[in-house]
Amino acid sequence: MCTVGPQALGTKIQVDANTDLLSAKEELVCKLLQELDPYKSMGPDNIHLRMLRDLADVIARTLSIIFAKSWRSGDVPEDWKKANVTPIYKKGLKEDPGNYRPISLTSVPGKLWNESS
């Protein structure tokens with residue numbers, strides 16, 4: 244077995260060397276959900292991060308099943324691929340389009356899937 248982990252969260256995921264498939268563990272998904280910052284913006288799915296964090300114990304199993312099936316099939320749900328790109332003002336004249344930077348707001352479960360893979 245080898246271990247892979249999202250460095251930002253200090254968590255580890257185990258990959259079975261025999262099947263080379265990610266075993267998305269419910270505990271890891273629950274931990275990732277509980278560490279969400281409720282003050283961040285919602286993605287295009289309009290699911291508030293506070294709700295995901297507060298209901299982590301309830302939805303962790305379902306998300307871990309979705310993650311495992313997605314990993315095995317190689318397909319990511321279409322909703323996780325969508326993003327809202329919005330311009331955020333940097334500095335200078337607000338009338339100049341070059342003074343804005345694009346911010347991509349993506350689905351939170353999609354981000355969790357990326358962190359757990």
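Residue numbers 244 to 360, in our numbering, belong to the letters of the sequence shown in order.
C-beta: ideal position from N, C-alpha, C; glycine also.
Check, Outcome
"Roughly how many angstroms lie between the CA atoms of Ala303 and Val319, to the nearest whole one?", "18 Å"
"Please list the terminal residues of the continuous alpha helix (DSSP H) segment that includes Val328.", "Taken as a continuous stretch (DSSP letters only), Val328 belongs to no alpha helix (DSSP H), being part of the beta strand (DSSP E) at Ala326 to Tyr332."
"Which of helix, strand or coil does DSSP assign to Leu348?", "strand"
"Nearer than 6 Å: is that true of the beta carbon of Pro352 relative to any heavy atom of the ligand NAP?", "Looking at this structure, you won't find the ligand NAP or any other ligand, since it has none at all."
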